[in-house]
Amino acid sequence: MVIEKIVYKKPESLTDCNFTFCSGCGHSTVHKLIAEIIDELDLREKTIAVAPVGCAVFAYDFWNFDIAEAPHGRTPIVASGIKRIHPEAFVLCYQGDGDLVSIGLSEIMHTANRGENISVIFINNTNYGMTGGQMAPTTLVNQVTMTSPRGRDIETYGHPIKMSELLVPLEGVKYLERAKITTPASILKAKKAIKKAFLNQINGVGFSMVEILTACPESWKKSPKEAVAWVEDVVSKFYPVGKIKDIT
């Protein structure tokens with residue numbers, strides 16, 4: 003007699019819709035991690051996620067819980083309003099680097115400074131992925147993009163912004179960690195960081211953000227394998243992974 007044991011199944015917090023992200027894109031992996039944690043913490047019926055313009059906008063197709071859409075960059079403000087009206091809800095912000103660090107810079111700074119009790123997942127792929135791969139505030143020095151064809155020049159465009167480090171001095175910020183999803187081991191570490199940010203909200207700790215370094219093969223003009231290697235060998239050298247602030 004053969005006894006079968008289920009060792010893995012699709013999280014309940016994911017829909018049956020196939021991911022439509024580009025091959026090698028990190029969004030799908032992070033979506034799955036979030037869905038797994040939502041299930042593990044039994045949060046699905048309490049969750050309200052907020053997603054903005056950009057690749058993150060498609061979250062409503064893939065997550066099997068309530069999702070609100072916010073104007074470009076305004077995600078933290080919408081999330082703050084939802085959390086204040088429904089303090090019993092679990093409120094998740096999901097933002098890309100163009101959204102959070104560029105047009106939404108003021109919003110994330112003030113939300114963090116107020117110490118809003120929400121969890122922010124920040125996807126850093128160093129460019130505006132959805133609109134064609136333009137330079138973002140996170141684009142590395144000398145990195146070629148659609149709008150910096152000769153590479154990012156510091157004298158012209160300034161330095162890349164390390165967003166997590168920028169939030170450190172704010173009193174309302176309780177937890178900041180940067181992770182990457184380049185290997186099975188790093189993916190497990192990313193999941194652990196996300197879960198801590200979620201538990202912080204459940205326990206009323208205050209503002210938490212996890213920055214995740216991901217690949218964008220299509221805009222970087224690399225194969226998925228090359229793009230993941232570039233995150234590992236180049237991106238994570240400028241944006242070092244690990245805990246950046248933790249006063250929980």
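Using our numbering, the first residue of the sequence shown is number 3, and each one after it goes up by one. Ideal Cβ placement from N, Cα and C applies to all residues, glycine included. Fair warning: this is a prediction, and the values are worked out from it, not measured in the lab.
query	result
Per DSSP, the bridge partner or partners of M211	V122 and L178
Distance CB(Y177)-CB(D99) smaller than 8 Å	no
Same chain only: Cβ atoms within 8 Å of L16, ignoring 5 sequence neighbours per side	H33, K34, A37, F64, W65 and N66
For K223, the three-state DSSP class (helix, strand or coil)	coil
Cβ-based neighbour list, I156, same chain, cut-off 7 Å, excluding 5 preceding and 5 following	V143
D155: first and last residue of the uninterrupted alpha helix (DSSP H) it sits in	Counting along the chain, D155 falls outside any alpha helix (DSSP H), and DSSP gives it neither H nor E.
Cβ pair count under 8 Å reaching 3, the segment 98–113 against the segment 161–173	yes
DSSP-derived helix/strand/coil call for G83	helix
Segment contact, 8 Å Cβ cut-off, at least three pairs: the segment 183–203 with the segment 129–139	no
DSSP state of L201 mapped onto helix, strand, coil	helix
Member of S104, P78 and E118 whose CA lies at the smallest distance from the CA of T140	S104
Three-state secondary structure (DSSP) of C57	helix
F21 - DSSP class collapsed to helix/strand/coil	coil
As assigned by DSSP and simplified to three states, the class of I163	coil
Residue from I87, K224, I69 and N126 whose Cα sits closest to the Cα of A118	Correcting the residue type first, residue 118 is Glu in the shown sequence and not Ala. It is I87 whose Cα lies nearest to the Cα of E118.
Where M3 falls, given that 16 or more other Cβ within 10 Å makes a residue buried	exposed
Reduced DSSP secondary structure (H/G/I, E/B, other) of F67	coil
Inter-stretch contact (C-beta, 8 Å, three-pair minimum) for the segment 15–29 and the segment 204–221	yes
Three-way DSSP call (helix, strand, coil) for A51 in this model	strand
Residues near K193 by beta carbon distance below 8 Å, same chain, minus five either side	L35, E38 and I39
DSSP beta-bridge partners of V93	I50
Pairwise C-alpha distance: K198 and K227	29 Å
Contact set for I50: own chain, Cβ-Cβ below 6 Å, skip 5 residues either direction	D68, I84, A91 and V93
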